[in-house]
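Chemist: The structure under discussion is supplied below as structure tokens; questions concerning it will follow.
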Amino acid sequence: MSIISRFAPSPTGYLHLGHAYSAWLGRSRAAQWFLRLEDIDTTRCKPEFADAIREDLAWLGLRWEGEVRLQSAHFADYRAALEGMAARGLLYPCFCSRAEIAKAQSAPHAAEGIYPGTCRHLSAAERTARMENGAPYALRLDTMRACAQAGALWFFEEATGWVEAQPRRLGDVVLARKDTPTSYHLCVVHDDALQGVTHVIRGEDLREATHIQVLLQKLLGYETPIYHHHRLLLGPDGQRLAKRDKAQTLRALRAEGVHPDTLLRGFAA
Numbered sequence: 003m004s005i006i007s008r009f010a011p012s013p014t015g016y017l018h019l020g021h022a023y024s025a026w027l028g029r030s031r032a033a034q035w036f037l038r039l040e041d042i043d044t045t046r047c048k049p050e051f052a053d054a055i056r057e058d059l060a061w062l063g064l065r066w067e068g069e070v071r072l073q074s075a076h077f078a079d080y081r082a083a084l085e086g087m088a089a090r091g092l093l094y095p096c097f098c099s100r101a102e103i104a105k106a107q108s109a110p111h112a113a114e115g116i117y118p119g120t121c122r123h124l125s126a127a128e129r130t131a132r133m134e135n136g137a138p139y140a141l142r143l144d145t146m147r148a149c150a151q152a153g154a155l156w157f158f159e160e161a162t163g164w165v166e167a168q169p170r171r172l173g174d175v176v177l178a179r180k181d182t183p184t185s186y187h188l189c190v191v192h193d194d195a196l197q198g199v200t201h202v203i204r205g206e207d208l209r210e211a212t213h214i215q216v217l218l219q220k221l222l223g224y225e226t227p228i229y230h231h232h233r234l235l236l237g238p239d240g241q242r243l244a245k246r247d248k249a250q251t252l253r254a255l256r257a258e259g260v261h262p263d264t265l266l267r268g269f270a271a
């Protein structure tokens, strides 16, 4: 199989060594490799970070195919996918504030970190009334109903083989908000299908997200790619690298005179 993969960072900060490792691993394995910028959060994503991503990858000698895909330029595509799921009764408006959700999650027997489904049980009349009154809301996936429609869900993980997807572990995830008219989960499955991605090569921290994304792929009629979730690089404190780790950014290392080949040889070791 000819491998098609992608690197899809969010331009909310500068790339660090962990990003570089993920990009290098994907580029080294793929016959075709795309660069996609997940810039749907228009309040946190900045053009200077998008420019820096291109500069850092060029410095590393990692070349991508064609034009860079900017998700913020394709909100209409994601809206069409949402409308299709809404027509099948798979979405519902959630009016809960973050504080209300946190309170519900702290109740006895509540599943940690999982939305408790408060607004799933509102009547159609109450939903309509709240929306007409201008109440802010997010659109959530009715995961139980979606699973019933999708049937059996499996994906292939290179490290472990076939895995049965269990999207209910993530609860009713948000697929759109008023200020962000789509979500990471929806965009990533749409764009992977659009670009013909055969292998998703990304960090171990995104393994759990795969379960809900496989469900969305089935609902939207997309092929499920093969997954490889690689190890995370750790900082001196033993914690995984994050954008707040300024000393580990590629921008800082380049300024210190570090040669890119030094980094790439370290990744290959």
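Plus 2 on top of the position in the sequence shown (first one is 1) and you've got my numbering. From the three backbone atoms N, C-alpha and C, an ideal C-beta is built for every residue, glycine too. Owing to the predicted nature of the structure, the values given are computational and were not obtained by experimental measurement.
Anyone know if the C-beta pair for Gly68 and Phe36 falls short of 9 Å?
Modeler: yes
Chemist: Measure the CB-CB distance between Asp41 and Leu84 and report whether it falls below 9 Å.
Modeler: Remark: C-beta atoms of Asp41 and Leu84 do not approach each other more closely than 9 Å.
Chemist: For Met87, does the count of other Cβ atoms within 10 angstroms reach 16, so buried, or fall short, so exposed?
Modeler: buried
Chemist: Using DSSP bridges, identify the partner residues of Gly153.
Modeler: DSSP output for Gly153 lists no bridge partner at all.
Chemist: In whole angstroms, give me the CA-to-CA distance for Arg179 and Pro13.
Modeler: Cα-Cα distance, rounded: 20 Å.
Chemist: Can you tell me whether Gln241 is buried or exposed, with buried defined as 16 or more other CB within 10 angstroms of its CB?
Modeler: exposed
Chemist: Give the DSSP-derived three-state secondary structure of Arg273 in the structure shown.
Modeler: The requested residue 273 does not occur in the structure, where the chain is confined to residues 3 to 271.
Chemist: Going by C-alpha to C-alpha distance, which of Leu265, Ala161, Leu92, Leu243 sits closest to Ile228?
Modeler: Ala161
Chemist: For Arg170 and Glu258, I'd like the C-alpha separation in whole angstroms.
Modeler: 46 Å
Chemist: Per DSSP, Phe9 forms a beta bridge with which residues?
Modeler: Leu37
Chemist: What is the C-beta distance between Thr251 and His18, in whole angstroms, given that I count them as a contact (C-beta under 8 Å)?
Modeler: Contact annotation, Thr251 with His18: C-beta distance approximately 5 Å; criterion of less than 8 Å satisfied.
Chemist: Output yes or no for whether 9 Å exceeds the beta carbon distance between Ile6 and Thr200.
Modeler: Yes, they are a contact pair.
Chemist: Which ranges would you report for the alpha helix (DSSP H) in the stretch 90-145 if only whole runs of at least 4 residues count?
Modeler: 100-107, 126-134
Chemist: Excluding the five sequence neighbours on either side, which residues of its own chain have a C-beta within less than 8 Å of the C-beta of Lys220, listed in chain order?
Modeler: Ala152, Gly153, Leu155, Thr226
Chemist: Can you give me the C-alpha to C-alpha distance between His261 and Leu196, rounded to a whole angstrom?
Modeler: 35 Å
Chemist: Counting only the same chain and skipping the five closest in sequence on each side, list residues whose C-beta sits under 8 Å from that of Leu234.
Modeler: Gly20, Gly205, Glu206, Asp207, Arg242, Leu243
Chemist: Between the C-alpha atoms of Gly173 and Val191, what's the straight-line distance to the nearest angstrom?
Modeler: Take the alpha-carbon of Gly173 and the one of Val191: they are about 18 Å apart.
Chemist: Could you check whether Phe269 and Trp66 sit closer than 9 Å to each other, using their CB atoms as the reference points?
Modeler: no
Chemist: Just the Cα atoms here: how many angstroms apart are Ala60 and Leu39?
Modeler: Taking the straight line joining both Cα atoms gives about 15 Å.
Chemist: Which word fits His231, buried or exposed, when buried means at least 16 other C-beta atoms lie within 10 angstroms of its C-beta?
Modeler: buried
Chemist: Less than 9 Å separating the beta-carbons of Leu141 and Val165?
Modeler: No, these two residues do not count as a Cβ contact at 9 Å.
Chemist: Please list the terminal residues of the continuous beta strand (DSSP E) segment that includes Arg204.
Modeler: 201-205
Chemist: Using a Cβ-Cβ cutoff of less than 8 Å, which residues in the same chain neighbour Met33 once the five nearest sequence positions on both sides are dropped?
Modeler: The question names Met, but residue 33 is Ala in the sequence shown. The beta carbon of Ala33 lies closer than 8 Å to those of Ser4, Ile5, Ile6 in the same chain, with the five residues before and after it left out.
Chemist: If you compare alpha carbons, which of Val70, Ala137, Arg147 is closest to His123?
Modeler: Arg147
Chemist: What is the residue span of the beta strand (DSSP E) that Val70 lies within?
Modeler: Unbroken run through Val70: none, as it is neither H nor E.
Chemist: Please work out which residues of its chain come closer than 8 Å, Cβ to Cβ, to Leu92, disregarding the five sequence neighbours upstream and downstream, and give them in chain order.
Modeler: Leu143, Asp144, Arg147, Ala148, Gln151, Leu221
Chemist: List the residues that DSSP assigns as beta-bridge partners of Leu236.
Modeler: Arg242
Chemist: Give every residue of the same chain whose Cβ lies closer than 7 Å to the Cβ of Gln215, excluding the five residues on either side of it in the sequence, and list them in chain order.
Modeler: Close CB contacts of Gln215 within its chain, under the 7 Å cut and outside five residues either way in sequence, are with His187, Val190, Val191 (chain order).
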